[in-house]
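Q: Just so we're aligned: the sequence shown equals residues 5 to 251 in the working numbering.
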Amino acid sequence: MLYLQCYDQYLLKSLRKTAEARGQPFWARGPDNIGSYNSQPHETGFFCDEGDYDGYYGRFFLNWYSQVLIDHGNWVLSLAKLAFEGTGISVKLSGIHWWYKTASHAAELTAGFYNPSNCNGYASVAAMIMKHGAALNFSCSELLVLDQQVDFADALADPNGLAWQVMNAAWDAGILVASENALPCHDRVTYNKILDRAKPLNDPDGRHFLSFSYLRLNPLLMERQNFMEFERFVKRMHGEGVLDLQV
């Protein structure tokens, strides 16, 4: 599930100041019922359904926790704009899709994305990126829900749902979206999934990826059938009509 990272002296000082400003100084602490790195959400008092994450203290703490991440992003992007003046900047966002089908979205919460099922946590991240005129780079474009259900059923993952939420948050904020694959891919089904994300069919606003980075060149890709599929994928990504031959 991951774990909250908020216990060094500087973050504790920030938490204390924020709690005092809120008029609740006894909230200047991390939650004590979150379990451990290997806990599942339902095993904890904080992340379980109707758990403390959605109580008064939980919402206060998680808002503070995610704001620390956004403030850090603001600071890094401000420095990056100075260092790379005139050069386009892209912010790579992690695809934390496990436990997405639970109410708390515990893995995202521990990573700093305040995105429980009753909150759009990526809108504030997108607004921060938009403020600096940067693009968003999001991976997981090739992951299929079916794969996750078969291979990692207990993780209650939903890479499709997460990808669409993040991309729409970015597009709604008016920022450009780039992407890349998280895992090796060489088959047509996976390539078609990427194409569906890169150029959503019948999108009334014509939204599409700014760019796509393919990972990666290796001997398996260079095998004849795999390279033919890759060539077809590249042509379709560039808008060329390609005859669909039997695989």
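A virtual CB, placed ideally from N, CA and C, is assigned to each residue, including glycine.
(1) Please report the straight-line C-alpha distance between residue 127 and residue 227, rounded to a whole angstrom.
(2) Look at the alpha carbon of residue 212 and the alpha carbon of residue 57, and state the distance between them as a whole number of angstroms.
(3) Closest to residue 123 by C-alpha separation, out of 225, 170 and 158, would be which residue?
(4) If you draw a straight line from the C-alpha of residue 85 to the C-alpha of residue 139, how long is it?
(5) Which value, in whole angstroms, describes the spacing of the CA atoms of residue 105 and residue 113?
(6) Distance, Cα to Cα, residue 88 vs residue 52?
(7) Quick check: the segment 231-246 against the segment 190-210, are there 3 or more CB pairs under 8 Å?
(8) So residue 102 and residue 186 are in contact, right, with Cβ under 8 Å, and what is the actual spacing, rounded?
(9) Return helix, strand or coil for residue 217, following the three-state DSSP convention.
(10) Quick one: grab the DSSP three-state call for residue 119.
A: Based on what the coordinates show:
(1) Taking the sequence shown and counting its residues from 1, the one referred to as residue 127 is at position 123. Taking the sequence shown and counting its residues from 1, the one referred to as residue 227 is at position 223. Rounded to whole angstroms, residue 127 to residue 227 spans 42 Å at the Cα level.
(2) Along the sequence shown, one-based indexing puts residue 212 at 208. Along the sequence shown, one-based indexing puts residue 57 at 53. About 35 Å.
(3) Locating residue 123 in the sequence shown gives position 119, counting from the first residue. For residue 123, the closest alpha carbon among the candidates 225, 170 and 158 is that of 170.
(4) Within the sequence shown, the letter at position 81 stands for residue 85. Within the sequence shown, the letter at position 135 stands for residue 139. Answer to the nearest angstrom: the Cα atoms are 13 Å apart.
(5) For the purposes of this step, residue 105 is taken as the residue at position 101 of the sequence shown. For the purposes of this step, residue 113 is taken as the residue at position 109 of the sequence shown. Using only the alpha carbons, I get a separation of about 13 Å.
(6) The residue labelled residue 88 in the question sits at position 84 within the sequence shown. The residue labelled residue 52 in the question sits at position 48 within the sequence shown. Those two C-alpha atoms are separated by around 44 Å.
(7) yes
(8) Counted from its first residue, the sequence shown places residue 102 at position 98. Counted from its first residue, the sequence shown places residue 186 at position 182. That pair is no contact at about 13 Å.
(9) Position 213 of the sequence shown, counting from 1, holds the residue named residue 217. Looking at residue 217 - three-state DSSP - the assignment turns out to be strand.
(10) Position 115 of the sequence shown holds residue 119. Looking at residue 119 - three-state DSSP - the assignment turns out to be coil, as it is neither helix nor strand.
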